[in-house]
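One structure below.
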Amino acid sequence: MTAGPPTPAGPAEVAAAPDRTGRRVVALFGPYRRRVAVVAVTILLSSLLGIALPFLTQAIFDRALFPRTAEGSVGQPRIGLLLVLVAASIGVTLLTALLGVAQTWLATRLGNAVMRDLRDRLFAHLQRMELAFFTSTRTGEIQSRLGNDVAGVQSVVTDTASSILGNTVTVVSALVAMLVLSWRLTLVAVVLLPAFVLLQIRVGRVRRRVAGATQRSVADMTAITQETLSVSGVLLAKVFDRQQTEVERYSAENARQAELQVRQTMTGQSFFATVQAFFGLTPALVYLVAGLSIGGVFLAGGADTLTAGTIVAFTTLQTRLLFPVVQLLRVGVDVQTSLALFERIFEYLDLQPAIVERPGALDLAERDVAGHVRFEDVRFRYDSGDRAGADGTQPWTLDGVSLDVPAGSLVAFVGPSGAGKTTAAYLVPRLYDVDAGRVTLDGHDVRDLTRASLARAIGVVTQESYLFHASVRDNLRYGRPDATDAQIEAAARAANIHDRIERLADGYGTTVGERGYRLSGGEKQRLAIARVLLADPRVLILDEATSALDTASERLVQQALEQAMRGRTTIAIAHRLSTVLAADAIFVFDRGRVVERGAHAELMAQGGLYARLYAEQFGGGTVEARCEDGVVFADGDVVRHAPTREDAPPRDRGGPHRPLRPVIPA
Ligand SMILES: Nc1ncnc2c1ncn2[C@@H]1O[C@H](COP(=O)(O)OP(=O)(O)OP(=O)(O)O)[C@@H](O)[C@H]1O
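Sequential numbering of the sequence shown, starting at 81, is according to my numbering.
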């Protein structure tokens with residue numbers, strides 16, 4: 081079974097392995113070891129310089145400003161030494177600032193390189209995922225992981241490493257310096273630190289859980305926005321007057337998210353306030369303990385070392401400790417929070433694409449492809465969660481389909497809606513893979529061919545013609561990137577769209593697609609046909625669906641298709657009379673099986689399902705195609721639906737009146 085999204089490990093499963101996630105995050109920096117080393121050295125240098133300052137301060141106080149004489153009293157200030165020490169302090173401060181700039185530059189570049197790799201990897205990985213993954217995942221969810229989740233870890237990746245390193249070095253060196261100055265005072269200053277670290281780990285865990293929920297809510301909101309604010313979504317909401325419902329749906333999720341954001345931000349705030357308060361109060365405690373020990377009340381023996389300079393230097397160091405300690409505790413929490421986001425990103429990176437190229441796959445040269453397609457006892461089912469049968473298995477969507485499409489022939493797939501025609505056609509370019517049996521191209525199992533050679537050999541024109549937000553020219557060139565302007569124009573002429581393009585404001589340079597010029601369904605389809613003509617595949621898969629076309633462009637599309645089919649193997653999911661009449665073979669699908677096969681006349685003679693469909697869908701040979709706005713008759717007449725009321729008499733457009741049958745989508 082290849083269809084359906086491969087299931088990633090559930091959140092609980094992933095959450096159980098934070099170490100593994102952490103290791104994977106560290107591994108992201110792997111390719112940049114040298115840059116990491118350079119950043120580490122600059123951080124080390126600037127932290128050490130930072131620690132040098134309090135010692136200079138101590139020297140300024142004890143040796144330059146208030147030097148002790150041999151007798152133990154305070155002597156005259158030593159101006160020469162004072163100048164040297166002040167100059168050194170200024171030098172150290174300036175150097176630290178310069179190093180800070182360099183360090184920020186290096187660390188930002190490093191972090192952004194890692195982020196760039198992560199986004200590239202994720203995007204490339206998603207491109208490799210099979211169609212089934214996208215049909216079963218909300219677009220907004222995918223966009224949110226690539227956008228919001230990756231953006232959410234950005235600051236952690238760009239800042240955390242240097243923050244952890246820088247602050248750790250500062251904390252450790254400050255502690256060492258404080259111990260050198262006075263181990264007794266150091267004890268007072270750090271007595272609660274271990275408790276804070278333990279608490280921080282707990283806070284981080286809670287924050288991580290909240291962050292996971294927040295990101296899921298962000299993804300839900302992106303999905304709602306994407307679904308409802310797209311052109312189709314807005315159109316649907318307007319025609320059913322459901323805009324208020326959509327507003328309420330958005331609003332409910334929005335409220336949930338706002339609450340989660342507040343919870344996420346507030347988790348641990350009181351903890352951080354406590355830490356801050358403790359460190360803020362410590363200098364006072366230090367003065368007290370120092371005073372008591374100098375007075376001999378407390379910490380006997382401390383008086384010798386506790387000079388004014390030492391106490392000033394010590395409290396300077398201790399205040400300097402506050403910021404990095406709080407930063408480290410915060411970073412610890414941030415890292416845990418970001419693990420929740422990383423888990424969501426890795427979850428996608430861990431998805432195994434179900435349809436991949438076999439090692440040593442055959443690269444069929446374009447000129448060697450004849451275009452002979454065969455289905456051999458093919459079985460396939462979607463992993464859609466549809467109701468299973470009594471034996472627990474889902475019914476087959478295609479159940480033992482065998483058929484032969486000789487090179488250069490035109491075959492038509494017909495059958496009731498949902499019979500499996502599109503599914504069968506999609507197995508040829510490997511949009512899905514068979515579960516049993518095989519599909520071959522010129523005798524090679526399609527799974528043994530390289531993706532590139534298969535894509536070169538097979539062209540697909542789907543019901544919905546998708547255009548990118550780009551110029552007409554670039555959209556057409558998607559079919560053959562090296563096509564010349566002359567080739568593009570020739571393809572457009574063959575697809576009956578050249579004249580229309582010429583009438584657009586900027587001709588071939590006009591932007592179409594997503595937010596570009598709105599082309600009609602028929603025009604888009606003709607552009608899609610021109611695109612496939614440019615690619616010039618040996619095999620053409622064609623979903624003819626005419627129900628989305630208007631009668632005016634139907635004839636133009638039909639002519640374009642005739643061009644496209646010429647000289648290549650064509651598998652048409654047929655909705656036109658002319659196609660079934662011209663087909664070398666017709667395969668009639670019903671509930672996943674081919675129930676009838678043969679040319680039109682043979683099938684009519686059998687008087688089975690085809691004969692019935694022919695009577696219904698093609699009006700027994702009078703209807704060429706049923707379109708969005710009416711019916712095109714075989715003799716070229718067009719009858720449109722009444723524009724407003726269903727029961728109004730049909731308007732005649734250039735032909736004799738005929739009773740209008742309801743449009744039956746095939
Ligand atoms: N992505 C999917 N996931 C799950 N089930 C699907 C998916 N696509 C199609 N199906 C189901 O598979 C069956 C065959 O669908 P298919 O689109 O191949 O039919 P069809 O004959 O081409 O119909 P139509 O003429 O209406 O396009 C249907 O029951 C359909 O609901």
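No residue lacks a Cβ here, since even glycine has one placed at the ideal position from N, Cα and C.
Near ligand 1: residue i beta-carbon under 7 Å from a heavy atom
i	result
THR659	no
SER497	yes
ALA500	Note on residue identity: the sequence assigns Gly, not Ala, to residue 500. Within the cutoff, so yes.
ILE653	yes
PHE698	no
PHE669	yes
THR417	no
TYR694	no
TYR462	yes
THR240	no
THR542	no
THR477	yes
THR217	no
Per DSSP, the bridge partner or partners of residue i
i	result
GLU676	VAL668
ARG606	Partner(s): none; ARG606 has no beta bridge.
THR650	LEU490, LEU620
GLU456	ARG518
ALA550	VAL592
HIS524	LEU521
ALA705	VAL712
LEU442	LEU529
LEU478	PHE460
Simplified DSSP state of residue i, which is helix, strand or coil
i	result
ILE538	strand
ARG225	helix
THR82	Model confidence at THR82 stands at a pLDDT of 40, short of 50, so the residue's coordinates are unreliable; what they give is reported in the following sentence. DSSP places THR82 in coil when its eight states are reduced to three.
PRO88	In this predicted model, PRO88 has a pLDDT of only 41, less than 50, meaning its place in the structure is not dependable; the value taken from the coordinates is given anyway. PRO88: coil per DSSP, three-state reduction.
GLY382	For GLY382, the pLDDT reaches just 48, beneath the cut-off of 50, and the residue's location in the model is therefore unreliable, leaving the point undetermined.
ARG148	strand
LEU483	strand
LEU161	helix
VAL249	helix
LEU431	coil
LEU309	coil
ARG100	helix
VAL154	strand
HIS205	helix
VAL660	helix
SER600	coil
ARG753	A question about residue 753 goes unanswered here, because the residues of the chain that appear run from 81 up to 746.
TYR512	coil
GLN543	coil
THR473	coil
THR294	helix
GLU437	coil
VAL747	Residue 747 is absent from the model: the chain starts at 81 and stops at 746.
Proximity winner among the options, relative to residue i (alpha-carbon distances)
i	options	result
ARG438	ASP321, ARG527, VAL392, SER418	ARG527
GLN432	SER551, VAL674, ARG208	ARG208
SER545	GLY488, ALA537, ASN555, ARG536	ASN555
ALA388	ILE140, VAL540, GLY678, ALA177	ILE140
VAL514	PRO496, ALA570, PHE455	PHE455
GLY700	ASP239, CYS707, GLY687, GLY587	GLY687
LEU657	LEU386, LEU136, ALA492, THR188	ALA492
GLN543	LEU641, VAL660, THR649	LEU641
LEU56	ALA182, VAL181, ASN228	Nothing in the structure corresponds to residue 56, since the chain is present only between 81 and 746.
SER373	PHE460, GLY360, ILE391, PHE359	ILE391
ALA193	PHE352, ALA144, ARG424, GLN234	GLN234
ILE651	LEU174, LEU620, LEU534	LEU620
ASP579	LEU607, TYR558, GLY593	LEU607
GLN763	VAL406, GLU221, THR305, THR217	The structure shown does not extend to residue 763, since the chain is modelled only from 81 to 746, so the question has no answer here.
ALA187	ALA107, ALA120, LEU661, VAL290	ALA120
Residue i: CB within 7 Å of a non-hydrogen atom of ligand 2
i	result
THR503	In the structure on display, ligand 2 does not appear, and the ligands it does have are ligand 1.
Original post:
Fully enclosed by the stretch 566-592, which alpha helix (DSSP H) runs are 4 residues long or longer?
Top reply: 578-583
Original post:
Which whole runs of the beta strand (DSSP E) in the stretch 319-344 are 3 residues long or more, in chain order?
Top reply: none
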